[in-house]
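For the record, the sequence lines run as chains A and B.
So for the first sequence, our numbering puts the first residue at 1; every next one is plus one.
So for the second sequence, our numbering puts the first residue at 381; every next one is plus one.
In this text, a Cβ means the ideal position worked out from N, Cα and C, and glycines have one as well.
Note that the structure is predicted; figures quoted are calculated from it, not measured.
One structure is given here, and the rest of the page talks about it.
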Amino acid sequence: MIDRRALIGRAALAGGLALHPALALAGAASDRRLVFIILRGAMDGLAAISPVGDPRLERLRPQLAQPPAQIGALLPLTSDFAAHPALKGFAGLFAAGEASVVHAVASPYRERSHFDAQNLLETGGNAAYALKDGWLNRLLPLLPPAPPPVAISAALPTLLQGNAPATSYAPSRLPDASASLKARVAALYEQDPLLHRLWGEAMATEMMAGNQDGPGNPVALAATAARLLAQPAGPRIAVLDHGGWDTHAGQAVRLAGQLRQLDAMIAALKSGLGQAWSETLLICATEFGRTVAANGTGGTDHGTASAVLLAGGRVAGGRVHGDWPGLARLHEDRDLRPTTSLNAVLAGAVAGQFGLEPARVVAQVFAAAPAPAMAGLIRS
Amino acid sequence: MSIAAIAHNRFGLGARPDAGAVADPAAWLMAQFDGFAPRPAIITALPDAAAMTVQYRDNLRNLRRLGIGGIPRQPGDPEPPTGPEAQAMAEAEQKARREAFRAAYAGQVRARLALALDSPAPFAERLVHFWSNHFAISTDKLATATMGGPLEFEAIRPNIAGRFGDLLLAVTRHPGMMFYLDQAQSIGPNSLLALAARRRNAPRQPGLNENLAREILELHTLGAGHYSQADVAGLARALTGWSVGGFVRRPLGLDAPAGQFVFQPAWHEPGPVMVAGRRYDQEGEAQARNILADLALHPLTARHLATKLARHFVADVPPPALIDRLAALYLANGGALLPLYQALVAAPEAWAVPLPKFKSPWDWTISAMRALGLKDGPGNGRVAIMLNELGQPVWRPGSPAGWPDAASRWAAPDALLRRVEVAGRLAGLAGGTDPRRLAASVLPGILSAATASAIARAESPGEGLALLLVSPEFLRR
Numbered sequence: 001m002i003d004r005r006a007l008i009g010r011a012a013l014a015g016g017l018a019l020h021p022a023l024a025l026a027g028a029a030s031d032r033r034l035v036f037i038i039l040r041g042a043m044d045g046l047a048a049i050s051p052v053g054d055p056r057l058e059r060l061r062p063q064l065a066q067p068p069a070q071i072g073a074l075l076p077l078t079s080d081f082a083a084h085p086a087l088k089g090f091a092g093l094f095a096a097g098e099a100s101v102v103h104a105v106a107s108p109y110r111e112r113s114h115f116d117a118q119n120l121l122e123t124g125g126n127a128a129y130a131l132k133d134g135w136l137n138r139l140l141p142l143l144p145p146a147p148p149p150v151a152i153s154a155a156l157p158t159l160l161q162g163n164a165p166a167t168s169y170a171p172s173r174l175p176d177a178s179a180s181l182k183a184r185v186a187a188l189y190e191q192d193p194l195l196h197r198l199w200g201e202a203m204a205t206e207m208m209a210g211n212q213d214g215p216g217n218p219v220a221l222a223a224t225a226a227r228l229l230a231q232p233a234g235p236r237i238a239v240l241d242h243g244g245w246d247t248h249a250g251q252a253v254r255l256a257g258q259l260r261q262l263d264a265m266i267a268a269l270k271s272g273l274g275q276a277w278s279e280t281l282l283i284c285a286t287e288f289g290r291t292v293a294a295n296g297t298g299g300t301d302h303g304t305a306s307a308v309l310l311a312g313g314r315v316a317g318g319r320v321h322g323d324w325p326g327l328a329r330l331h332e333d334r335d336l337r338p339t340t341s342l343n344a345v346l347a348g349a350v351a352g353q354f355g356l357e358p359a360r361v362v363a364q365v366f367a368a369a370p371a372p373a374m375a376g377l378i379r380s
Numbered sequence: 381m382s383i384a385a386i387a388h389n390r391f392g393l394g395a396r397p398d399a400g401a402v403a404d405p406a407a408w409l410m411a412q413f414d415g416f417a418p419r420p421a422i423i424t425a426l427p428d429a430a431a432m433t434v435q436y437r438d439n440l441r442n443l444r445r446l447g448i449g450g451i452p453r454q455p456g457d458p459e460p461p462t463g464p465e466a467q468a469m470a471e472a473e474q475k476a477r478r479e480a481f482r483a484a485y486a487g488q489v490r491a492r493l494a495l496a497l498d499s500p501a502p503f504a505e506r507l508v509h510f511w512s513n514h515f516a517i518s519t520d521k522l523a524t525a526t527m528g529g530p531l532e533f534e535a536i537r538p539n540i541a542g543r544f545g546d547l548l549l550a551v552t553r554h555p556g557m558m559f560y561l562d563q564a565q566s567i568g569p570n571s572l573l574a575l576a577a578r579r580r581n582a583p584r585q586p587g588l589n590e591n592l593a594r595e596i597l598e599l600h601t602l603g604a605g606h607y608s609q610a611d612v613a614g615l616a617r618a619l620t621g622w623s624v625g626g627f628v629r630r631p632l633g634l635d636a637p638a639g640q641f642v643f644q645p646a647w648h649e650p651g652p653v654m655v656a657g658r659r660y661d662q663e664g665e666a667q668a669r670n671i672l673a674d675l676a677l678h679p680l681t682a683r684h685l686a687t688k689l690a691r692h693f694v695a696d697v698p699p700p701a702l703i704d705r706l707a708a709l710y711l712a713n714g715g716a717l718l719p720l721y722q723a724l725v726a727a728p729e730a731w732a733v734p735l736p737k738f739k740s741p742w743d744w745t746i747s748a749m750r751a752l753g754l755k756d757g758p759g760n761g762r763v764a765i766m767l768n769e770l771g772q773p774v775w776r777p778g779s780p781a782g783w784p785d786a787a788s789r790w791a792a793p794d795a796l797l798r799r800v801e802v803a804g805r806l807a808g809l810a811g812g813t814d815p816r817r818l819a820a821s822v823l824p825g826i827l828s829a830a831t832a833s834a835i836a837r838a839e840s841p842g843e844g845l846a847l848l849l850v851s852p853e854f855l856r857r
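Have a look at this one:
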């Protein structure tokens, strides 16, 4: 089974976070760091970064426009946008000029399958499964020599697969089954009397025992990534997975939990990176957005455009970038209209971060779905 | 389409994505016995029962010398060391022993797994697992800690498609079984050795052990409730002298290579015995051989085996008509196993949907790994740990009865939760797989619309794969 890299990674971690041999190669020629968090399941960009300046929001999604009182009030970022109250740390970074947002972003994908859309997010391609390698892997030959990038997971995500060496690194105890998986299992067993009964009993017992966050929880994984990147001779690029964003039901509470966890991941990265935070770019991106209107179960369904969150000492912070399309006209009468290409954001961000010619990044990394690199995302 | 899925999943060990189409599933299944390799290189490369016996014997000797483990000293043994150094030595010895056992066990599990994941004959491999469980030993005894693999590899694999009598004989003579059920030191009360011991007034008088005889009658042949204590005593007496080389007691023992079957005439109880209504007058080793041969062809044995096979391939409560057919066929063919397999494959009852059998943790793990296209690799050492967590450690059922073959044993709330967690972990190892395509290819004709749509709606490919692995149709076969 088991991926050799993941195994070695686990062994190394058991030895007190000693470095994987491949990670400890010659020191990197650059101090610039990149962390990418893949938000799997489609983050509702309108709830994470709310267009409070748009009066139609309240009308189109009355139940979801404001977070429930117990969760707190929206945190103003600019005159037109506010962060969800669970993104308290992110809003603080935004105010300090170390975080920004690009809104109404989408990949070229216009259908509604998570898998296909994530494949495009990760390959930077024009059609699902058309490219075999990840865009971040194609970027590697353009960068100064450094130890291979590391995915904090058991297997290498598509984003890092390809010709250039990349590695994965997982703690000895992987996360317990996610809440999202458990919820879907419950639905899967609804028509099977035996499994339905057994699963109900298992969940009841687990609830009584109380859920514990082990070393495999996303925040701990973010801290692991930070510790790897903080090493002077360590890798310069890390990829983290964060699932659970597919909020078809009960979004108000579930999304708050998701965003709180993402906020804690960002905080763990900043504190773990220490000095290196000033050289870091963090990109948080999702496969697509969610419907503007709420559905019948207090959630939202698969949509189109969403928001990209950027943070780190290298970010030209305190701004909400992009071309706000407004909510007067929606994509297919239901979704936020995409006005910025995801690949344009990615190309602009990594070109700025690593001091590369933007056109060269577009040509060599995003050739399958090129878009002019977005300028002004990174401090010059 | 579901015919191919049943051939792969119920009879085989689960479809691999690279399996390809099977035009005639029944023919594909039966042809596997021609291509089945009883002693593939991955097995012959491992230390065999003889090597494991030597390891066990050396361990015993060390424990005795160090005065630990309560093993009686023998004449000529030096005084065991005392004091703090002795404690340290004892601890170091224990540690080295555990490490040696762990390494040997891990190598055996990895070989079993490699064959199960990648054999071209998964139906035959399933039968290996089936017979290994029928003749279960458990590795929780010092003497059998590393015998699970050797018993299966040496006594069972070569005999799955022959006559049951040969399989029974090979298992009974194997050191793994003899150690597990205490046969190796069973000595007739009127044997030459016992008489000599009595004359000498030896402190330990040798004696009979009925353990193996009882389990042969109850578990391996006739079945529970179909034998008497007199039958046990008769078979136990006939078996005296059946032992393992390497533990000779001079002057009345024959020397034999460690770990090989040896018949010790001086340990054998002389005289005729009665078992299952028949009288056996033979001398020496032939006596128990004749009993085993008759037991193998006993109508109650036929029923017992027919019931277990039907339970394994058809339903927890198998149809009586099928049991009758299989038992009659077994007797008509002189205990040959291949016709039974042929009859199972031909039985309409064995191709029924909905899927009747809830997979055991072993079945489920193997089928999940096969579905994900996983094969042998150094990381597979972790699978042994995973099977512990799932409740079915390999070769460690804890009793000679083996693992129960019924949903009631495996379908439980916590067990199901463990599978969901393991599914999440396994799915994390198969990056880049499209779960929608995989589901259709490993469960052709069986994948329900509800499961297909749940997989397609999962929020990531990894979650989709995990859902496939814990779906109602993947948990069953």
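Would you mind telling me which residues of chain B sit closer than 9 Å to residue i, beta carbon to beta carbon, in chain order?
i: A:G243; result: E839, S840, G842 and E843
i: A:T205; result: P793, D794 and L797
i: A:S30; result: Neighbours of A:S30 on chain B: none; closest Cβ ~27 Å, over 9 Å.
Cβ of residue i less than 8 Å from any chain A Cβ?
i: B:L827; result: no
i: B:A395; result: no
i: B:L489; result: Sequence check: residue 489 of chain B is Val here, not Leu. False, the Cβ-Cβ gap to chain A never drops below 8 Å.
In angstroms with no decimal places, state the Cα-to-Cα distance between residue i and residue j.
i: A:Q161; j: A:T78; result: 38 Å
i: B:R437; j: B:F627; result: 8 Å
i: B:A673; j: B:G844; result: 52 Å
i: A:F288; j: A:R40; result: 9 Å
i: B:G671; j: B:R683; result: Residue identity check: residue 671 of chain B is Ile in the sequence provided, not Gly. Distance between the alpha carbons of B:I671 and B:R683: 18 Å.
i: B:N589; j: B:Y710; result: 31 Å
i: B:R798; j: A:G200; result: 14 Å
i: B:R594; j: B:T552; result: 12 Å
i: A:V361; j: A:H114; result: 26 Å
i: B:K755; j: B:V694; result: 28 Å
i: A:P370; j: A:Y169; result: 31 Å
i: B:A792; j: B:S779; result: 21 Å
i: A:P338; j: A:I49; result: 15 Å
i: A:A344; j: A:G322; result: 11 Å
i: A:D241; j: A:S153; result: 8 Å
Report yes or no: is there a C-beta of chain B within less than 8 Å of the C-beta of residue i?
i: A:V185; result: yes
i: A:G41; result: yes
i: A:E111; result: no
i: A:L155; result: In the sequence as displayed, the identity of residue 155 of chain A is Ala instead of Leu. Yes, its Cβ sits closer than 8 Å to a Cβ of chain B.
i: A:A285; result: no
i: A:A222; result: no
i: A:Q161; result: yes
i: A:W135; result: no
i: A:E451; result: For residue 451 of chain A there is no data in the structure shown, the boundaries of chain A being 1 and 380.
Under 8 Å Cβ-Cβ, which residues of chain A neighbour residue i?
i: B:V850; result: V185 and L188
Residues of chain B with a CB under 7 Å from the CB of residue i: which are they?
i: A:R254; result: Chain B residues near A:R254: none, gap ~12 Å exceeds 7 Å.
Do you know whose CA, among the options, lies nearest residue i's CA?
i: A:G296; options: A:R61, A:G318 and A:R40; result: A:R61
i: B:L507; options: B:P780, B:A690 and B:D457; result: B:A690
i: B:G759; options: A:A179, A:A183 and A:A155; result: A:A155
i: B:A676; options: B:G714, B:V642 and B:L619; result: B:G714
i: B:P530; options: B:Y560, B:R543, B:D546 and B:F503; result: B:Y560
Counting only Cβ pairs nearer than 8 Å, list the residues of chain B close to residue i.
i: A:D192; result: P852
Taking 7 Å as the cut-off, is the beta-carbon of residue i closer than that to any non-hydrogen atom of the ligand HEM?
i: B:R579; result: This structure does not include the ligand HEM; it has no bound ligands of any sort.
Name, please, each residue of chain A whose Cβ falls closer than 7 Å to the Cβ of residue i.
i: B:D520; result: Within 7 Å Cβ-Cβ: nothing; B:D520 doesn't reach chain A, min ~26 Å.
i: B:E479; result: Per Cβ cutoff of 7 Å: no residues; B:E479 is ~17 Å from chain A at best.
Write down every uninterrupted run of the alpha helix (DSSP H) in the stretch 428 to 463 of chain B whose length is 4 residues or greater and which is fully enclosed by it, in chain order.
List check, alpha helix (DSSP H) in window: 429 to 446.
Considering only residues of the stretch 539 to 613 of chain B, which uninterrupted alpha helix (DSSP H) runs meet the minimum length of 4 residues and lie entirely inside it, listed in chain order?
Contiguous alpha helix (DSSP H) elements confined to the stretch 539 to 613 of chain B occur at 544 to 553, 555 to 560, 572 to 580 and 591 to 595, taking only those with 4 or more residues.
May I have a chain-ordered list of the alpha helix (DSSP H) segments no shorter than 4 residues that lie completely inside the stretch 749 to 780 of chain B?
Here the runs fully enclosed are 761 to 770.
At what residue ranges does the stretch 346 to 375 of chain A contain a whole run of the alpha helix (DSSP H), taking only runs of 4 or more?
Counting whole runs of 4 or more residues, the stretch 346 to 375 of chain A contains the alpha helix (DSSP H) stretches 358 to 365.
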